[in-house]
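Participant:
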Amino acid sequence: MKRLPLSILMAAFFGWLLWSVSLRQAALFLVGIGLGAILAGQRFGFTTGWRMLVEDKDPRGVFGQLLLLALAAAMAMPLLGHYPELTAALGPPSISLLVGAFVFGLCMQIADGCGSGTLYKAGMGIPMNTAILPMFAIGSFLGSLHLGWWLDLGRMPAVGLVSTWGWLPALLATLAALAVIGFAVKAYCAKANGAQQRSMPGLWQRKWVMGAIGLAIFATLNLVIAGQPWGVVYGFGLWAAKVANGTGMVDLAGNWFWSQPGNAQRLQETVLLDITSITNIGILAGALWIAAGKPAAAKALTGTQWLVALVAGLVLGYSSRLAFGCNVGAMLSGISTGSIHGWIWVPLAFVGTIYGLRIRRHFGF
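Heads up: the sequence shown is residues 2 to 366, going by our numbering.
Written as structure tokens, this is what we have:
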């Protein structure tokens with residue numbers, strides 16, 4: 002589809018949301034379009050940035066993510082400090098988090114995308130990610146069915162730095178930690194490239210910098226408009242849950258996760274009233290707009306590669322629910338709003354990425 006008719010359809014859907022649903026949901030649809038356009042236009046991939054660091058000793062993708070985290074925290078933490086009605090992306094440190102983060106980091110490299118990566122690449126029409134998206138949703142739903150059992154294995158109360166220390170100390174501590182990581186990444190890449198007798202790539206690349214600035218702005222708009230940080234995974238699980246509940250495949254009334262008042266209410270409402278879902282729809286639309294009229298770049302996969310990718314997508318969704326989010330919900334929104342669980346998520350997911358890259362190479366992706 003060309004951009005003009007697509008733009009007309011998107012504008013019509015925005016107008017319908019504004020008239021029939023709510024101003025907030027219409028605004029969040031626009032936020033989603035902005036997020037999708039930036040993700041697709043700059044090809045800002047969290048998965049890709051980590052892979053560049055591990056395989057190519059190229060720090061530019063990770064430095065773009067560090068910049069994003071710093072900017073998002075600088076905007077979100079003062080807002081959280083001054084407006085208590087806004088909520089942080091808190092998750093409890095738990096066995097569930099430890100297992101989920103590691104498995105997620107492993108599977109996202111095989112599936113070539115985290116939550117946001119799968120979403121925007123599906124919007125661009127890339128076949129593998131388009132096929133993985135429903136598997137991700139099913140996996141996220143299955144994870145929600147078992148989350149209560151996982152949390153019973155051991156958990157601690159969620160900790161928010163902003164509410165515990167105040168927004169300014171929390172922000173300074175976050176920026177200091179990000180700076181330490183930046184210095185460590187730079188030193189690692191310099192040493193690794195020196196050992197291979199090649200020059201190290203620069204620390205900054207325009208697409209990563211522009212992507213970081215754009216995503217930080219739209220993530221902050223999401224926080225202000227929705228009252229909660231940007232998330233991706235919940236919407237996927239909700240879509241699958243509504244199908245399962247509507248068809249009578251599963252009785253969710255007694256499930257620990259879906260019997261909670263907020264989740265039970267969303268099961269009964271239209272998906273267009275869900276904050277995460279409407280933003281996800283916007284991301285798909287924004288990525289589709291960027292890719293409009295262009296053939297999707299796709300690598301031909303063997304039958305084995307397709308099977309491995311689809312299984313990875315299913316497990317990716319399952320582990321994302323256990324880990325209380327993906328690179329967006331756990332890492333970006335968690336760290337930028339002061340949640341300790343975001344800082345726990347990152348190293349475990351990164352170790353998982355190292356093993357995931359080995360599996361990826363083994364199957365020739």
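For glycine and all other residues, C-beta sits at the position ideal for the given N, C-alpha and C.
On a CA-only basis, which of 318, 321 and 225 is nearest residue 25? Give me that one, please.
Facilitator: That would be 225, whose Cα lies nearest to the Cα of residue 25.
Participant: Beta-carbon within less than 7 Å of residue 210's beta-carbon, same chain only, minus the 5 sequence neighbours each way: which residues are those?
Facilitator: So the qualifying residues of the chain are 65 and 68.
Participant: Relative to the C-alpha of residue 161, which candidate in 4, 94 and 271 has its C-alpha closest?
Facilitator: Ranking the options by Cα distance to residue 161, first place goes to 94.
Participant: Just tell me which of 151, 122 and 315 has its CA closest to the CA of residue 43.
Facilitator: It is 122.
Participant: Where do the N-terminal and C-terminal ends of the alpha helix (DSSP H) with residue 21 fall, by residue?
Facilitator: It spans 4-21 - the alpha helix (DSSP H) in which residue 21 sits, taken as one unbroken run.
Participant: Going by DSSP in three states, residue 161 sits in which element: helix, strand or coil?
Facilitator: If DSSP states are grouped into helix, strand and coil, residue 161 belongs with the strands.
Participant: Skipping 5 residues on each side, what residues in its chain have a beta carbon closer than 8 Å to that of residue 351?
Facilitator: 51 and 106.
Participant: May I have a chain-ordered list of the alpha helix (DSSP H) segments no shorter than 4 residues that lie completely inside the segment 118-186?
Facilitator: Complete alpha helix (DSSP H) runs here, min 4: 128-153 and 162-166.
Participant: Against chain B, with Cβ distances strictly below 7 Å, would residue 76 count as a contact?
Facilitator: The chain inventory of the structure shown lacks chain B, comprising one protein chain alone.
Participant: Return the chain-ordered ranges of every alpha helix (DSSP H) run that is complete within the segment 67-114 and spans a minimum of 4 residues.
Facilitator: Complete alpha helix (DSSP H) runs here, min 4: 96-111.
Participant: Can you give me the C-alpha to C-alpha distance between residue 49 and residue 354, rounded to a whole angstrom?
Facilitator: One C-alpha to the other measures close to 11 Å.
Participant: May I ask you to list the residues that DSSP assigns as paired with residue 340?
Facilitator: Residue 340 pairs with 161.
Participant: Please go through the segment 262-329 and give each complete alpha helix (DSSP H) segment of 4 or more residues, from N-terminal end onward.
Facilitator: Listed in chain order, they are 262-269, 276-292 and 304-323.
Participant: Using 7 Å as the threshold, is the C-beta distance between residue 74 and residue 172 below it?
Facilitator: Closer than 7 Å, so yes.
Participant: How long is the line joining the alpha carbons of residue 260 and residue 157, rounded to whole angstroms?
Facilitator: About 21 Å.
Participant: Should the segment 14-24 be called in touch with the segment 192-204, which here means at least 3 C-beta pairs below 8 Å?
Facilitator: Verdict: no, contact absent.
Participant: Do the segment 20-34 and the segment 281-297 meet, that is, are 3 or more Cβ pairs less than 8 Å apart?
Facilitator: Because the criterion of three Cβ pairs below 8 Å is met, the segment 20-34 and the segment 281-297 touch.
Participant: Give me the Cα-Cα distance between residue 142 and residue 183, rounded to the nearest whole angstrom.
Facilitator: The alpha-carbon atoms of residue 142 and residue 183 are separated by roughly 36 Å.
Participant: In or out: residue 365 buried (at least 16 other Cβ within 10 Å) or exposed?
Facilitator: Burial call: exposed.
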